[in-house]
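Okay, so the sequence shown: first residue is 16 according to the working numbering, each after it adds one. Beta carbons: idealized from backbone N, C-alpha and C, even for Gly.
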Amino acid sequence: MSARGGRAGTAGVGRATWAALRARRAAVARLAGWSALEALPALLSGALVARAVDGGFLAGRLGTGLGWLAALGAAVLVGAVATGRTYRSLGAVVEPFRDDLAARVVRAALHDATRPGGRPDSAAAARLTHQVELVRDTFAGLLLVTRGFLFAAGAALIGLLALDPVVAALVGAPLVAGLVVFLAALPAMAGQQRRYVRAGEELGRAASTALAGHRDVRACGAAGRVVADVGARVADQAAAERTLARMSAVRSLSLGLGGWLPLAVLLLAAPWLVDRGLTAGAVLGALVYVSTGVQPALHALVQGVGGGGLRYVVTLDRILRACPDEAGGTPVERPDAAPVPTGATPVPADGEPPAVCARRLTFRYGVAARPVLEDAGVTLAAGEHLAVVGPSGAGKSTLAALLSGLLAPQAGSVRLGGVPVADAPPEALARLRALVPQEAYVFTGSLADNLRYLRPDADDATVAAALDALGAGPLAARLGGLAGEVEPAALSAGERQLIAAVRAYLSPAPLVLLDEATCHLDPAAEARVEEAFARRPGTLVVIAHRISSAVRARRVLVLDDARPVVGTHEELLARSATYRELVGHWDDRPAAAARS
């Protein structure tokens with residue numbers, strides 16, 4: 016990353032952090048209040064020790080000396096109570112920030128995986144499970160050490176000023192020098208931390224790719240090359256981690272200047288300070304301020320910011336760059352995206368376009384894998400009803416995913432209503448098609464929320480009509496009506512499929528693809544669902560798993576190793592050996608009836 020990119024990333028992290036703190040102003044104010052109370056021992060320790068020595072022990076008044084020390088003990092107890100409260104206030108700031116980041120990562124991963132040509136991002140899991148948690152932990156640590164330094168070191172310096180301004184100057188000069196050295200080294204530390212994080216991500220990506228494609232790797236004889244590539248990533252990460260370890264020397268120098276040098280200066284200057292009128296108790300109090308206030312606070316700041324703080328800046332920067340906030344931040348720019356009208360489907364000047372036009376589709380699941388579909392195509396007019404059949408592995412579900420835009424072909428094109436699927440953003444595709452997969456997705460919530468997911472404006476009468484059309488009325492009644500709660504684990508696979516089918520039926524999309532979406536329903540329920548979709552305005556594609564689905568369709572597409580064949584049920588019985596074999600496998604009686 017360039018210096019300019021690093022500065023821009025740091026600025027973005029600063030804005031995100033400031034926004035998180037501003038959004039929780041009340042919690043931050045409570046944290047500051049309890050931190051001030053927690054710093055009470057740091058403010059009083061030196062002064063009370065000085066009074067105990069000068070006015071008590073050195074004056075021969077043991078009780079007075081013990082009384083001042085008892086007062087210090089009371090201040091420590093108050094500070095301990097405040098410490099417990101600071102952690103509670105800290106959680107009120109940190110946990111909502113962590114939840115916001117997790118939601119941001121999930122939104123970005125889903126957006127990228129569901130866009131045309133998108134792929135599931137293996138790094139998204141790492142960002143969610145590792146990087147977000149790392150940011151949460153380091154953010155909490157950064158808040159702790161920063162407010163600890165500000166309040167504890169500030170209180171100690173105020174106490175030193177109260178004892179003697181000269182003593183405060185003797186302590187403050189090396190403290191400032193140590194801070195300057197540390198702050199000057201922070202950009203270089205951040206650069207090395209970025210290198211370490213990038214190396215870790217590259218290693219994870221390389222290892223994930225190698226493991227996912229290990230069969231192809233072995234088949235192509237590329238094991239040595241892949242092992243060498245992953246090994247290079249391991250070496251890069253190890254080198255970055257060793258460099259980070261060497262940077263700890265800078266932190267040690269800062270601690271030496273700002274934490275230990277003030278003690279040495281005070282000890283060396285003690286005779287001179289006493290000669291100019293400073294009491295022995297005041298000298299001892301100054302040493303207490305430095306050893307129990309300034310030095311621990313600086314140590315915590317340097318170690319916390321130099322370790323966790325750098326990880327926070329770099330890791331949060333990676334999350335912000337990889338997961339742009341579509342709602343409030345900069346949207347993802349995709350150069351291959353073309354504008355798609357938000358209203359009606361575009362119609363060419365020469366007439367209405369086909370509902371589906373797929374040409375010369377080729378798709379394989381690996382670079383060296385055999386194509387699942389090769390040079391395949393299908394054209395459907397608006398209102399058509401097509402069933403797709405074929406043996407297992409013939410590419411039926413792959414075709415449905417290509418038509419819906421969930422997969423991008425290696426060659427060929429798909430248009431829905433004249434709109435190129437490859438250029439359409441997810442929101443435009445959602446208006447063009449509804450895909451119901453075999454494993455129906457039902458979420459916890461009311462039945463109405465589940466059914467209106469694709470059409471939020473549907474009124475109760477419209478939803479009730481859809482339930483009745485698909486035969487889902489009894490299920491809705493058993494669940495308690497539209498307001499009834501849906502618990503996915505309590506539903507059977509068929510009931511989940513029925514809810515998903517009603518949801519797609521209500522969708523305004525003109526194209527519906529049922530990818531074995533009724534396989535868990537009995538034949539009568541399946542027939543009612545498919546007949547309802549056939550009556551629904553629009554185009555229907557059914558990936559069939561029973562011969563009855565093919566018989567109900569106006570046309571049938573047969574996929575096998577030979578060239579795909581399209582025709583009616585009767586035509587395919589005469590023309591396609593694969594279709595005859597499938598019909599006999601599914602149900603001998605319909606096949607026999609069709610031949611008679």
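- Rounded to whole angstroms, G82 and F72 show a C-alpha spacing of 11 Å.
- A contact between stretches requires three or more CB pairs, one per stretch, nearer than 8 Å, and the segment 252-260 meets this requirement with the segment 212-227.
- Take H314, set aside five residues on each side of it, and the residues of its chain with a beta-carbon closer than 7 Å to its own are L270 and G274, in chain order.
- With respect to A524, A455 sits apart: the two C-beta atoms are not nearer than 7 Å.
- In this chain, the alpha helix (DSSP H) harbouring T258 covers A238 to R261.
- Boundaries of the beta strand (DSSP E) harbouring D530: L526 to D530, taken from the DSSP string.
- From the listed residues H584, G553, A549 and T554, the smallest Cα separation to A565 is found for H584.
- When only Cα atoms are considered, F378 and G408 end up about 13 Å apart.
- As for any beta strand (DSSP E) of minimum length 3 sitting wholly inside the segment 513-569, the runs are 526-530 and 554-558, ordered along the chain.
- Secondary structure in the segment 43-126: the alpha helix (DSSP H) runs of 4 residues or longer, each lying completely within the stretch, are 55-67 in chain order.
- In the three-state DSSP reduction, V181 falls in the helix class (H, G or I).
- Apart from the 5 residues on each side of it in sequence, Y327 sits with its Cβ closer than 7 Å to the Cβ of V150, T153, F154 and L157 in its chain, given in chain order.
- For S507, there is no enclosing alpha helix (DSSP H), as DSSP marks it with neither H nor E.
- Cβ contact annotation for R374 (same chain, cutoff 6 Å, sequence separation greater than five): G392, G427 and S428, in chain order.
- Between the alpha carbons of V303 and V309 lies a gap of roughly 9 Å.
- For V196, the closest C-alpha among the options V96, V265, G206 and L588 is that of V265.
- DSSP places H584 in the uninterrupted alpha helix (DSSP H) bounded by H584 to R590.
- Distance between A487 and A402, taken at the CA atoms: about 23 Å.
- Cβ neighbours of V147 within its own chain (closer than 8 Å, five residues either side excluded): R113, L116, A117, V120 and I334.
- Of the candidates P56, M262, R470 and E110, the residue whose Cα lies closest to the Cα of S306 is P56.
- For L395, DSSP records a beta bridge to V371.
- Here DSSP, grouped into helix, strand and coil, assigns F164 to helix.
- Using a C-beta cut-off of 8 Å, the segment 531-545 makes contact with the segment 502-515, since at least three inter-stretch Cβ pairs fall below that distance.
- Where A426 is concerned, the enclosing beta strand (DSSP E) starts and stops at A426 to L431.
- DSSP places A449 within a strand segment (E or B) once states are collapsed to three.
- The three-state reading of DSSP puts F197 in helix, counting H, G and I together.
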